[in-house]
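Participant: Got a structure here, written out as structure tokens. Questions coming.
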Amino acid sequence: MEGIDEESSSAGAYYSQDFEWEALRDEIKRMLEASDQHDHLNVDLRESLLASKEECSPPSVLGTVEEGLNICGNREEGLNICGNREEGLNICGNREESPSTSTSWETFHSRHSRNLFFKERRYLTKEFPDLCQPGKSLLVLEVGCGTGSSVIPIIRANKQATVFACDCSPAALRKAAEVVTGAGESSASSFYPFLCDISTSKLPDFLRCSACRQKYHQSKEIGAEANGTSESQNHFSSKGIENGAGTNASHSGGGGGSGLRSLHSHPSVDCCIEGLDIVTMIFTLSAIPVEKMAHVLSECFEVLKPGGLLLFRDYGLYDMTMLRFAPRQHISSCLYQREDGTLSYFFSLEVVRSLFTQAGFVEQELEYCCVLLTNRRKQVPMKRVWVHAKFHKPIQV
């Protein structure tokens with residue numbers, strides 16, 4: 001998975017704060033208040049954005065924490081996420097199960113398989129310098145790697161990094177393997193892609209086996225759990241990840257993806273790699289159905305080493321692309337569906353904080369990245385909003 005309407009200018013623009021997010025929020029509010037009440041399009045847009053403002057904004061706009069955090073619409077609309085200090089983030093509603101997006105992403109990547117649709121994210125290591133720590137061998141997992149646009153900068157910046165990468169689309173993984181191989185032998189030897197729809201599956205045990213996970217949680221059944229997983233761990237050692245499938249098919253999301261090499265050649269892989277130093281989620285969580293976001297973050301938490309980092313970048317509330325969606329594409333507040341069936345959610349800082357802390361993460365960095373770009377062809381200014389965040393897994397639970 002990768003964001004479709006991401007950054008498209010030179011890398012230098014990515015790290016600046018060109019305008020205040022609060023000023024953009026107020027500008028949109030004034031625009032809606034001044035718009036024609038009888039214009040059907042404006043009415044739908046007003047309802048969507050005002051709902052987003054009231055339900056997706058930080059507590060200073062919503063009210064107190066005790067009053068709850070409602071970020072995805074009312075019960076009639078379906079998705080409803082509420083939270084308070086005692087209960088945290090909760091999901092309820094009467095809408096039917098969100099449409100599966102894995103098929104939509106596979107169709108999308110198959111359609112664009114002949115071209116590298118996404119540009120290399122050269123800004124990534126500047127935004128997240130933890131990815132290029134000198135002299136440190138890092139184990140990194142890119143969740144929703146798409147065609148590898150985040151992988152190349154990481155491997156290039158840190159020759160000692162090993163990047164594992166998962167995606168729900170075999171077509172995307174094939175393209176990623178092709179792109180990384182084309183970047184040179186050293187890059188290819190540090191890249192291990194595997195097929196996994198993390199919204200519906202567990203991450204495979206070769207990243208962090210059940211025994212290691214239980215040890216972190218100080219389970220009384222450590223010994224029994226370790227014995228119970230030995231067979232699947234040995235299976236991994238002998239078979240690796242062939243054709244893009246994980247150790248356990250139920251964990252990996254299935255096979256497919258010819259051209260993806262086995263992991264058993266990696267010298268550090270035996271039982272498992274004992275957890276990851278860093279997990280990256282770059283324009284991935286916004287494409288996940290809202291009711292499955294907690295599961296995704298829980299899986300990321302489990303495979304990190306104690307003290308490991310999760311680096312996050314995704315669409316922010318009031319980003320220009322949010323304003324471009326047609327009313328019919330509005331599923332619920334902050335959530336939209338593109339014509340090709342893929343989803344796009346627009347995050348407020350409070351929502352990100354709630355989701356990640358409920359999963360067990362500790363906040364280190366969390367801010368809006370507000371960048372003013374210009375459409376070169378039309379000479380139209382574009383106000384982009386992304387959420388930049390860094391969280392870590394506690395040393396002890």
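Mapping to UniProt numbering: the sequence shown position 239 is 239, numbers consecutive. No residue lacks a Cβ here, since even glycine has one placed at the ideal position from N, Cα and C. Predicted model, so just to flag it, every value in this text is computed and none were measured.
Have a look at residue 325 and residue 338 and give me their C-alpha separation to the nearest angstrom.
Facilitator: Approximately 8 Å, taken between the alpha carbons.
Participant: With distances taken Cα to Cα, identify the nearest neighbour of residue 280 among 274, 389, 373.
Facilitator: It is 389 whose Cα lies nearest to the Cα of residue 280.
Participant: Identify the continuous alpha helix (DSSP H) that holds residue 148 and give its terminal residues.
Facilitator: Residue 148 -> no alpha helix (DSSP H), and no H or E assigned at all.
Participant: Check the DSSP bridge columns for residue 163 and list the partner residues they point to.
Facilitator: Looking at the DSSP assignment, residue 163 forms a beta bridge with 140, 191.
Participant: What is the DSSP secondary structure of residue 170, reduced to helix, strand or coil?
Facilitator: Helix.
Participant: Is the Cβ-Cβ distance between residue 392 and residue 309 less than 8 Å?
Facilitator: Closer than 8 Å, so yes.
Participant: Just grab the DSSP bridge partners of residue 371 for me.
Facilitator: BP columns for residue 371 point to 384.
Participant: According to the neighbour-count rule (16 or more other Cβ atoms, all chains shown, within 10 Å of its Cβ), is residue 23 buried or exposed?
Facilitator: Flag for residue 23 reads exposed.
Participant: Do residue 127 and residue 370 have their beta-carbon atoms positioned less than 8 Å apart in this structure?
Facilitator: No, they are not a contact pair.
Participant: Quick one: residues in its chain with C-beta nearer than 6 Å to the C-beta of residue 298, no 5 flanking neighbours on either side, listed in chain order?
Facilitator: Cβ neighbours of residue 298 beyond the five flanking positions: 359.
Participant: Taking the Cβ atom as the reference point for each residue, do residue 161 and residue 145 lie within a distance shorter than 8 Å?
Facilitator: Not closer than 8 Å, so no.
Participant: Residue 375: buried (16+ other C-beta within 10 angstroms of its C-beta) or exposed?
Facilitator: The residue in question, residue 375, is exposed, as its Cβ has fewer than 16 Cβ neighbours within 10 Å.
Participant: Enumerate in chain order the residues of its own chain whose CB-to-CB distance from residue 199 is below 8 Å, with the five nearest sequence positions on each side excluded.
Facilitator: Hits under 8 Å: 101, 102, 168, 288, 289, 292, 295, 296.
Participant: Less than 8 Å between the C-beta atoms of residue 300 and residue 205, yes or no?
Facilitator: Not a contact, by the Cβ cut-off of 8 Å.
Participant: My output table needs one value for residue 128: the three-state DSSP class, helix, strand or coil.
Facilitator: Coil at residue 128, not helix or strand.
Participant: In chain order, which continuous runs of the beta strand (DSSP E) of length 3 or greater are located wholly inside the region 309–364?
Facilitator: Entirely contained in the region 309–364, the beta strand (DSSP E) runs reaching 3 residues are, in chain order, 330–332, 335–337, 343–345.
Participant: According to the Cβ coordinates, are residue 277 and residue 124 closer than 8 Å?
Facilitator: Cβ atoms of residue 277 and residue 124: not closer than 8 Å.
Participant: Please report the distance separating the alpha-carbon of residue 163 from that of residue 142.
Facilitator: Taking the straight line from one Cα to the other gives about 7 Å.
Participant: Just the Cα atoms here: how many angstroms apart are residue 119 and residue 178?
Facilitator: Distance between the alpha carbons of residue 119 and residue 178 is about 15 Å.
Participant: Per DSSP, what are the beta-bridge partners of residue 280 in this structure?
Facilitator: Paired residue(s): 142, 311.
Participant: Name the two residues that bound the continuous alpha helix (DSSP H) containing residue 295.
Facilitator: It spans 293–303 - the alpha helix (DSSP H) in which residue 295 sits, taken as one unbroken run.
Participant: Report the option in 315, 366, 202 whose CA atom is closest to the CA atom of residue 343.
Facilitator: Among 315, 366, 202, the Cα nearest to that of residue 343 belongs to 315.
Participant: What are the start and end residues of the alpha helix (DSSP H) that includes residue 214?
Facilitator: Taken as a continuous stretch (DSSP letters only), the alpha helix (DSSP H) holding residue 214 covers 210–216.
Participant: Mind checking who residue 175 pairs with in its DSSP beta bridge?
Facilitator: Beta-bridge pairing links residue 175 to no other residue.
Participant: Verify whether the separation of the beta carbon atoms of residue 194 and residue 180 is less than 8 Å.
Facilitator: Not in contact: residue 194 and residue 180 (Cβ atoms no closer than 8 Å).
Participant: Nearest-angstrom Cα distance between residue 387 and residue 173?
Facilitator: Spanning the two alpha carbons is a distance of roughly 26 Å.
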